[in-house]
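**Q** Just so it is clear: in the sequence shown, position 18 is 18 by full-length UniProt numbering, and no numbers are missing. Every residue gets a Cβ at the ideal spot worked out from N, C-alpha and C, and that includes glycine. Just so you know, these numbers come straight off a predicted model, no measurement behind them. First the structure, which I've put down as structure tokens, then a few questions once you've had a look.
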Amino acid sequence: MSLFQRCAYIVAEALDKIFLVAKFFCAIHATNTYLFSTALVQGPCMLFNFNLKGEMVLLDKISTPYGKVGPDDVIILRTPENQRKFATKRIIGMEGDNITYIVNPKNSDTTQTIAVPKGHVWVEGDKVYDTNDSRNLDLFLM
């Protein structure tokens, strides 16, 4: 085997390995973007379901585009005040639902009813007295 043939063989083997690694990362990217991914959930607003120090959860990314989420589903969404941060909340109402909620649960039992507009959902944290959600932030687009 000549030197040129050996170099060509080594280059071909290296390219095979590089393409294999590239295919692997493409598959990981496609899976993470379109099928499912993982996230670390932490904080007090979902304390009764998730540990305060954090738990790893599997995120289903197929259900949302096909409208398969509904009331009582736990979702992860971007916070309106900082689009780089995420929050974990429970869907309480879908578009068209009338939601009656306690306006300020820390100070009174005053309730208010709101109709969820088209394309939005009403979300709340499970820890009602210590959470930022649709009661004091905004309705969330779906």
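My understanding is that Met-56 touches Thr-38, with C-beta atoms under 8 Å, so please give their C-beta distance in whole angstroms.
**A** Yes, Met-56 and Thr-38 are in contact; Cβ-Cβ is about 6 Å, under 8 Å.
**Q** Going by DSSP, name the residue or residues bridged to Gly-54.
**A** Answer by DSSP bridge pairing: none, since Gly-54 is not bridged.
**Q** On the CB-based measure, 16 or more other CB atoms within 10 Å of its CB, does Met-1 come out buried or exposed?
**A** Met-1 should be labelled exposed.
**Q** Give the DSSP-derived three-state secondary structure of Leu-15 in the structure shown.
**A** Reduced to three states, the DSSP call for Leu-15 is helix.
**Q** Closest to residue 159 by C-alpha separation, out of Ile-92, Ser-108, Gln-42, Asp-109, would be which residue?
**A** Given that the chain is displayed from residue 1 to residue 142, the structure contains no residue 159 and the question cannot be resolved.
**Q** Hey, Val-128 and Ile-102: beta-carbon distance below 9 Å or not?
**A** Going by C-beta atoms, Val-128 is nearer than 9 Å to Ile-102.
**Q** DSSP state of Arg-135, grouped into three classes?
**A** Arg-135 falls in the coil class under three-state DSSP.
**Q** Rank Ile-10, Asn-132, Phe-19 by C-alpha distance to the C-alpha of Thr-79 and give the top, closest one.
**A** When only C-alpha atoms are compared, the closest one is Asn-132.
**Q** For the stretch 105-125 against the stretch 82-91, do three or more pairs of beta-carbon atoms, one drawn from each stretch, fall closer than 8 Å, so that the two count as touching?
**A** The stretch 105-125 is in contact with the stretch 82-91.
**Q** On a CA-only basis, which of Leu-35, Phe-36, Phe-50 is nearest Gln-42? Give me that one, please.
**A** When only C-alpha atoms are compared, the closest one is Phe-50.
**Q** Going along the chain, which unbroken runs of the beta strand (DSSP E) with 3 or more residues stay wholly within the UniProt domain "Peptidase S26" (24-101)?
**A** With a minimum length of 3 residues, the continuous beta strand (DSSP E) runs that stay inside the UniProt domain "Peptidase S26" (24-101) are 36-41, 55-60, 74-78, 86-93.
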